[in-house]
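Colleague:
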Amino acid sequence: MSDTEDHGGEPARHTGDPTGRTSDPRGQTAEKSLQERRWAAYREARRALTRGGFRGTVRERLDQLQEAAPQVYDLDQPPDMYGNRIVETLEERVAALLGTEAAAFFPTGTMAQQIALRCWAGRTGNPVVALHALAHPEVHERDAFSVVSGLRPVRVTSEPRLPTAEEVRSFEEPFGALMLELPLRDAGFVLPSWDELTEVVEAARERDAVVHFDGARLWETTTHFGRPLEEIAGLADSVYVSFYKSLGGFGGAALAGPRTLVEEAKAWRHRYGGMVFQQFPTVLSALVGLERELPRLPEYVAHARVVAAALREGFAEAGGTWARVHPQVPHTHEFQVWLPYDADVLEEAAVRQAEETGTLLFAGAWSRGGPGLSFTEVGIRAAGLEWTAADVRAAVEDFVGRLPAAGR
């Protein structure tokens, strides 16, 4: 299993070689072996704090879709051809959920956001996109904005939080669009308060800029904001959402906003190669996710807070091991755990715990956060709901016992 899979479809963060490989062939072999052991441990573990659908086998994923699909769509209807029929059904559903005039399905979020911001640049006459230094296009997309779409990203801030209204107001050069990632994944899945978000949007509008939400994980923000999806999305001029990061779909994304923008985006979708002949398996999985997972996200967020508190308590009770859960109270159903060890040490401990006890506490890869400091991402979904706070604390005690004494 690759680190791309561990981090929700995005590359894991490493220092040195951006691929995460080492120049020592023996190191490459060892890394591959550990990843294979982690995959096997995940498959065989009796209990796992996180079980993402994307980690299933092809057979499992198809079986799940076959079981659920008849409940969300008439399978006797003809399949889609170049974006019609079932694709249009999904687009209409998303627009209704987000309260927008229209929505367009895209094979990837990278494509959807490039096109959205390209369209806005044509309307504002300004190709500059203001965003966070940790925003997805800056970290994970190989400079796609500038290389492919003629946009010029500028970084409003690099602080591990969303930009403030004052930072937006005082930014030294004009920009046509402000892009806000909600939640900001690489800072720990963090969100601003509702008042802070509305102030940031107002600050951008004062500068005659449009506001675009990178809402790959927007679905799970309703608990933190205490607002329905349509009210959250209504702050922005356009919104992108993902169908696999929270909803468990096979892939795909949607761009939602004014009808004229969406129609223009569909023209660019064709030009970018996104007019795929048939996409009904992916679209079906998205409809299933909206039906089954979307209503459960508030429950996942609530239990993530229980698990995060139990992790903090467990590490404190284990004695001597410094640990950080970030945010202390998760804003969504995902958060980070930081520990003072090298990533391979933590990876080995996590895999051995699963191999020897059948309990997989940390299913995701560990990434280097600094000298002798590493972090992983924890997400709570249906499997995690089975864990009590006592279960988490007991698993932490066992996990800490597998770490080298020097770090304790």
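Remember, this note's numbering sits 59 above the position in the sequence shown when you count from 1.
Every residue, glycine too, gets a C-beta built ideally from N, C-alpha and C.
1) CA-CA distance, residue 272 and residue 294?
2) Considering residue 257, what are the terminal residues of the beta strand (DSSP E) in which it resides?
3) Based on Cα-Cα distance, which residue from 447, 314 and 110 lies nearest to residue 372?
4) Counting C-beta neighbours from all protein chains within 10 Å, is the total for residue 245 16 or more, i.e. buried, or is it exposed?
5) Could you check what DSSP says for residue 390 in three-state terms: helix, strand or coil?
6) For a minimum of 4 consecutive residues, which ranges assigned as the alpha helix (DSSP H) are wholly contained in the region 105–177?
7) The beta strand (DSSP E) that contains residue 438, what's its start and end?
8) Helix, strand or coil for residue 101? Go by DSSP, reduced to three states.
9) Less than 9 angstroms separating the beta-carbons of residue 386 and residue 247?
10) For residue 415, which three-state DSSP category applies?
11) Give the DSSP-derived three-state secondary structure of residue 272 in the structure shown.
12) Taking the runs of the beta strand (DSSP E) that are 3 residues or longer, which of them lie wholly in the region 331–389?
13) Bridge partners of residue 426, per DSSP?
14) Looking at the structure shown, is residue 458 part of a helix, part of a strand, or coil, going by DSSP?
15) Spatial neighbours of residue 462 within its chain, please: C-beta separation below 6 angstroms, excluding the five flanking residues on both sides.
16) Can you tell me which of the three DSSP states residue 311 falls into?
17) By a C-beta neighbour count over all protein chains shown, 10 Å radius and 16 as the cutoff for buried, is residue 143 buried or exposed?
18) Determine the direct distance from the alpha carbon of residue 429 to that of residue 117, and round the result to whole angstroms.
19) Going by Cα to Cα distance, which pick from 189, 251 and 340 is closest to residue 124?
20) Just how far apart, CA to CA, sit residue 236 and residue 188?
21) Got a sec, what are the start and stop residues for the beta strand (DSSP E) residue 212 sits in?
22) Grab the span of the beta strand (DSSP E) containing residue 305 for me, first residue to last.
23) Can you tell me where the alpha helix (DSSP H) holding residue 203 begins and where it ends?
24) How many angstroms separate the CA atom of residue 114 from the CA atom of residue 266?
25) List the residues that DSSP assigns as beta-bridge partners of residue 398.
26) Can you have a look at residue 238 and say buried or exposed, based on whether 16 or more other CB atoms are within 10 angstroms of its CB?
27) Tell me whether the beta-carbon of residue 300 lies closer than 9 angstroms to the beta-carbon of residue 327.
28) I need the DSSP call for residue 190, collapsed to helix, strand or coil.
29) Between the beta-carbon of residue 212 and the beta-carbon of residue 233, is there less than 9 angstroms?
30) Have a look at the DSSP bridge pairing and note the partners of residue 225.
31) Could you tell me whether the Cβ atoms of residue 476 and residue 306 are closer together than 9 angstroms?
32) Is residue 221 near residue 291, with beta carbons less than 9 angstroms apart?
33) For residue 318, does the count of other Cβ atoms within 10 angstroms reach 16, so buried, or fall short, so exposed?
34) Where DSSP assigns a beta bridge to residue 249, which residues make up the other side?
35) Name the two residues that bound the continuous alpha helix (DSSP H) containing residue 444.
Modeller: If we stick to the structure as given:
1) 9 angstroms
2) Per DSSP, residue 257 belongs to no beta strand (DSSP E); it is in the alpha helix (DSSP H), 253–265.
3) 447
4) buried
5) In the structure shown, residue 390 sits in coil (DSSP, three-state: anything other than H, G, I, E or B).
6) Within the region 105–177, the complete alpha helix (DSSP H) runs of at least 4 residues fall at 117–127 and 145–157.
7) Taken as a continuous stretch (DSSP letters only), the beta strand (DSSP E) holding residue 438 covers 432–438.
8) Note: residue 101 maps to helix in three-state DSSP.
9) Against a cut-off of 9 angstroms, the Cβ pair of residue 247 and residue 386 comes out as a contact.
10) DSSP, read as helix, strand or coil, puts residue 415 in helix.
11) DSSP places residue 272 in strand when its eight states are reduced to three.
12) Annotation note: the region 331–389 contains the following uninterrupted beta strand (DSSP E) runs of length 3 or greater, listed N- to C-terminal: 383–385.
13) 434
14) helix
15) Short of 6 angstroms from the beta carbon of residue 462, and not among the five residues preceding or following it, lie these beta carbons of its own chain, in chain order: 408.
16) coil
17) Residue 143 comes out exposed.
18) Distance between residue 117 and residue 429, taken at the CA atoms: about 36 angstroms.
19) 340
20) Taking the straight line from one Cα to the other gives about 5 angstroms.
21) According to the DSSP assignment, residue 212 belongs to the beta strand (DSSP E) that extends over 211–216.
22) Premise fails: residue 305 is in no beta strand (DSSP E) and is neither H nor E.
23) Its alpha helix (DSSP H) spans residues 203–208.
24) 44 angstroms
25) 433
26) buried
27) no
28) strand
29) no
30) Note: residue 225 sits in no beta bridge, so no partner.
31) For the chain, the structure presents residues 60 to 467; residue 476 sits outside this window and is missing.
32) no
33) exposed
34) Listed as beta-bridge partners of residue 249 by DSSP are 243.
35) In the DSSP assignment, residue 444 falls outside any alpha helix (DSSP H) and carries neither an H nor an E.
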